[in-house]
Structures are given as structure tokens and as C-alpha cells.
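Residue numbers (the numbering used here): 16 to 321. All remarks here apply to the structure that follows.
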Ligand SMILES: [Zn+2]
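This is the structure:
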């Protein structure tokens, strides 16, 4: 099933990157009673299950104790003149108690993403990656001094050595490999027994996307790939990867699996891929990861001629 936008993309908010550097403007928006705040507890988002489900936005008044205590807050963006923030409320001791239980439920981003309206999962992804980065970057990588949040959350500044630190995104190539009318998929030992997916791996410094695709396929399956075409990308907020989806054209069919990375890799026919994507299983019971994954979206697009 082709999803457009792909889950975790298509966010509706304008990130207002020029306005957000203005401290006065930001302070006004934080205090503005029309501004909306999404509480995140332990990287779980507050979800209102009665409304769809959807993000349980709260007004500034509800978030005042956290903001006054210096909780991490990120400006997510603006829509129709209303600013939207994420606030780390992990200091809450009993998130299942009132008043929070009346507002909604703190839910893992991955488990709820596929049930939200288009674009909402992108807001969750942005918030999750950003708060996670702040959680783990409290000290300067240059001099070791404690750093401070800046630029509405899009930077940490070191007051000691003046270094500026920016939220990181880690590029990952994920690719289908085609040969004739067949497609190469593999399975990692941690996958459910019947699941096969596109091969993937982190890019390394100094590589182009095409080079990373060829290296990963050669390392994991020993299959030579020549031409590589880009199809689509997806932010993956666990914790902060950019999945770069490609299709590579193999120049040979012999597979030698790297058992450190994969349990098995094999060629599937177009009919088998269609059965795996349609959630009807193949005769052997094989299936793809769910539609929110870029692997599923690459396979769906390949079937449609991408
Ligand atoms: Zn420093």
C-alpha cells in the first residue's frame, strides 16, 4: 500500500527559523495563551484517545510548572499564527494519575504513529528526536562544560568555550536491489521469522549515497550493484535517522550472506513481493514490515514502476 505522505513526513507546521532566534518573540509565544504544548514523558507523547486519536495539546498554563523549572522545550513550528511546542515533562512521577490521565495517555511514538492523521506523526517524530538529543547532549563535546539550550531548541551553546552544537541526524541508506523482475530482500536474526525487508546500513563519512548503497549490498550479500536511483526519504525518530530509500540494479545474482548482519537473503519474484506488501502472505508465509516503514513504501513504489 503506497502511503503519501510517508509516515513521519508531511508535517503541517512552519518551523519559522528566522523568528525563533528572537528571544523576545520566543518569550511572548511561550506565554501566549493560544500557544499549544505537547507534553512528552520519557519520550512518549501525550495522546488524546478520545479525539481520533490525536496529539493532546495543552495550553501554556498547564505547562507553567515545567517551563518554570527549566524543562526542555522545543518550538515545533507555527500553523495559522499559533505556535506549537514540545515540552519534556519526564519529571512527572505519576503520569497515569490526574490531571494527566484526564488529558490523555503517554504512548510510545512508534506504536501510535500509524494511527494518527497524516502529518501528526511527523510532529511526534520531530519532537521525539529533538528531546532525545537534548537529553544526551548536556555537556560540551569540545570542553566538557554544561551547555545551554538556544535557538528555540535547535542549538545548544557552550557558555565556557562558546562552541555551538546542533541536533544531529544520521543518514542511513535503505535499498531494494532488483535483477530482471526479481527483488533482493533479507532478514536480520531479530526480525520475526517470516519477515523479509530491504537491506540497510548507516552511511560513513566520505561516501556518496550511491557508494553507500553499493558497499552495503556487497558487504551483506556480496551482490554487485551498478546503477542506483533515489526514490524517497523518511525521518526515523529512533533516535534520529534519515532513511534514504533507493533502488539498486544488480549485475549478478549469486548471494553470499554475511552472517554477522543477516540471517538470510534471497531473491523474490514480483508476484511474491506483491503478496508480501498486500499483507496477504506468500505460500511460505513471508511478509514485509508494516506500511509505516520505508522498506514497505519502497516495495510498493517498485511494484508501481518506480
Ligand atoms: Zn565548550
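The beta carbon of each residue, even a glycine, is placed where N, CA and C say it ideally should be. These numbers come from a predicted model, not from an experiment.
Practice task
Pick helix, strand or coil for residue 115, following the three-state DSSP scheme.
Solution key: As a working note, residue 115 is residue 100 in the chain shown. Residue 115 falls in the helix class under three-state DSSP.
Problem - Exposed unless 16 or more other CB atoms sit within 10 angstroms - verdict on residue 163 - result: Working through the chain shown from its first residue, we reach residue 163 at position 148. Residue 163 comes out exposed.
Problem - Chain-ordered residues, beta carbon under 6 Å from a heavy atom of ligand 1 - result: 155, 157, 158, 160, 173, 175, 176 and 178
Practice task
Report the partner residues of residue 120 according to the DSSP bridge assignment.
Solution key: Position 105 of the chain shown, counted from the first residue, corresponds to residue 120. 62, per the DSSP bridge assignment.
Exercise for the section: Report buried or exposed for residue 242, applying the criterion of at least 16 other Cβ atoms within 10 angstroms of its Cβ. Expected result: In the chain shown, residue 242 corresponds to position 227, counting from 1. Looking at its Cβ environment, which holds fewer than 16 other Cβ atoms inside 10 Å, residue 242 is exposed.
Handout entry: Proximity winner among 152, 309, 227 and 271, relative to residue 181 (alpha-carbon distances)
Key = Position 166 of the chain shown, counted from the first residue, corresponds to residue 181. Residue 152 is the option with its Cα nearest to residue 181.
Handout entry: residue 310 versus residue 175: straight-line alpha-carbon distance, rounded
Key = Reading the chain shown from its first residue, position 295 is the one you call residue 310. Reading the chain shown from its first residue, position 160 is the one you call residue 175. Rounded to whole angstroms, residue 310 to residue 175 spans 44 Å at the Cα level.
Exercise for the section: Could I get the ranges of all uninterrupted alpha helix (DSSP H) runs contained in the segment 162-247, with 4 residues as the minimum, in chain order? Expected result: 224-236
Practice task
For residue 98, I'd like the list of residues in its chain whose CB is within less than 6 Å of its CB, leaving aside the five on either flank, ordered along the chain.
Solution key: Here the question's residue 98 lines up with position 83 in the chain shown. The residues are 44 and 50.
Practice task
Below 6 Å CB to CB, which residues in the same chain sit around residue 89 once its five sequence neighbours on both sides are set aside?
Solution key: Residue numbering aside, residue 89 sits at position 74 when the chain shown is read from its first letter. Around residue 89: 101, 145 and 168.
Problem - Reference residue 8; option with closest CA among 193, 192, 269 and 156 - result: With the chain represented from 16 up to 321, any question about residue 8 goes unanswered, as that position is not in the structure.
Handout entry: Own chain partners of residue 40 with C-beta closer than 7 Å, once the 5 adjacent residues on each side are dropped
Key = As a working note, residue 40 is residue 25 in the chain shown. Answer for residue 40: 34, listed in chain order.
Handout entry: Own chain, CB closer than 8 Å to residue 247, minus 5 neighbours either side, in chain order
Key = Locating residue 247 in the chain shown gives position 232, counting from the first residue. Cβ within range, chain order: 21, 260, 309, 312, 313 and 316.
Exercise for the section: Identify the continuous alpha helix (DSSP H) that holds residue 291 and give its terminal residues. Expected result: Position 276 of the chain shown, counted from the start, is the residue given in the question as residue 291. 285-292 is the extent of the alpha helix (DSSP H) around residue 291.
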